[in-house]
Amino acid sequence: MMAGKPKVDTGALTSEQQDKLRQFKIKTRIDNEKYLRSHPEVETMISGFLRDAFLKRPTDIRKFAADHFARTIPGVVADSQLDGNSEEK
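Numbering (the working numbering), first residue to last: 7 to 95.
Dropping the structure here:
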């Protein structure tokens, strides 16, 4: 079992439910892949965020993420910018 993954209770679902769930997961992955292929900017945005996070290693990652995307997306203002506090760590 992989760390962080909950153990699957295969007895909780009937075989029909398991098959429907498997089909749903496959369809969801396909839909997500289509979306990402039609919006390559998502990968660019996430890569930029991860690069900055790994370089700066902020202690408050949620605040850092809000500030990061507020800086990189025109028209978005993070709460910390409204308070006059733009410190990232």
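In this text, a Cβ means the ideal position worked out from N, Cα and C, and glycines have one as well.
Integer Cβ distance of His-74 from Phe-55, believed to fall under 8 Å = As a working mapping, residue 74 is identified with position 68 in the sequence shown. As a working mapping, residue 55 is identified with position 49 in the sequence shown. About 5 Å separates the Cβ atoms of His-74 and Phe-55, confirming a contact at the 8 Å cut-off.
### Task
Would you identify the three-state DSSP class for His-74, choosing helix, strand or coil?
In the sequence shown, the residue the question calls residue 74 occupies position 68. DSSP places His-74 in helix when its eight states are reduced to three.
Only counting runs of 4 or more residues, tell me where the alpha helix (DSSP H) segments fall wholly within the stretch 33-73, in order along the chain.
Taken in chain order, the whole alpha helix (DSSP H) runs of length 4 or more contained in the stretch 33-73 are 47-62.
message: Just to confirm my understanding: we take Asp-66, look at its own chain, exclude 5 residues before and 5 after, and list those with CB closer than 6 Å. What are they?
response: Along the sequence shown, one-based indexing puts residue 66 at 60. Around Asp-66: no qualifying Cβ.
Under the three-state DSSP convention, the category Leu-19 falls into: If you number the sequence shown from 1, residue 19 lands on position 13. Correct three-state label for Leu-19: coil.
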